[in-house]
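First the structure, in the form of structure tokens, and then the observations on it.
In mature numbering (1 follows the signal peptide of the UniProt record, and there is no 0), the protein residues as written are -22 to -1, 1 to 231.
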């Protein structure tokens, strides 16, 4: 099944990704705080990955392909598809990345040329809660798909004879097909808060499978909340225990 999707212009937005801050195998996912201008460190707790967000700060989702082939990244923020605004599902629209390409998603897609910034906020002010879907606030996810390989060309005997009769005439046509295919498949653009410019173009992407090749999940909350759950290493004070002999030495008279 072919799905109309959105392709990012990779050259316009290279992701600020450090491997230590990234989560994923086919595709690395990290979060970059645009106000402090730093990648948020990832904490691992009970097999889950977490980042600590600062209320009021804008952030972007940084995607980095580790694959040598095209990938489709269906991005979910708080259980909402970041492109379409639907309650997120695997079969929906996403972003297409070239092999080993880096890009940033700055916000909720409003049009082919604008997004509304991702901003850390309390749950009541979140886009998901305001649209009646608060149950999955606090998680960013990416469903990653590989592209379905093109079938090999079918060669008929008549075609072979024509190729043998006029090999020089056939070569430019073949090169032209490759050039057109490369142009059509090349991403052209870049990735709710305030709106800002972020241009994309629509392309077709046929998935190799209806199920994702990888699911990447990153949870987030305030630093205080994560510390309270000991997701962030807790600094526990040394316990004060009663001393049976508090006066060890003879005092002055």
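Quick reminder that beta carbons are idealized off the backbone N, C-alpha and C, glycines included.
Per the coordinates, the alpha-carbon of residue 26 lies some 25 Å from the alpha-carbon of residue 63. Of 177, 208, 86, the smallest CA-CA separation from residue 96 is found for 86.
For residue 192, the pairing in a beta bridge is given by DSSP as 122.
DSSP places residue 42 inside the beta strand (DSSP E), whose first and last residues are 36 to 43. For residue 86, DSSP records a beta bridge to 94. Residue 73 counts as buried, since at least 16 other C-beta atoms from the protein chains shown sit within 10 angstroms of its C-beta. With a 10 Å radius around the Cβ and a threshold of 16 neighbouring Cβ atoms, residue 130 comes out exposed. Nearest to residue 24 by C-alpha distance, out of 222, 208, 220, 212, is 208. Around the beta carbon of residue 84, 16 or more other beta carbons lie within 10 angstroms, which makes this residue buried.
Shown here for residue 90: same chain residues with a beta carbon closer than 6 Å to its own, the five before and five after excluded, namely 178 in chain order.
Boundaries of the alpha helix (DSSP H) around residue 202: 201 to 206.
Burial state of residue 31 is buried, judged by a 10 Å Cβ sphere holding 16 or more other Cβ atoms. Residue 5 is not a Cβ neighbour of residue 36, given a cutoff of 9 Å. Setting aside the 5 residues that flank it on each side, residue 114 is surrounded in the same chain by 56, 57, each with a C-beta closer than 6 Å to its C-beta; the list follows chain order.
In the DSSP assignment, residue 30 falls within the beta strand (DSSP E) that extends over 26 to 31. Sorting 70, 106, 120 by C-alpha distance to the C-alpha of residue 39 places 120 at the top.
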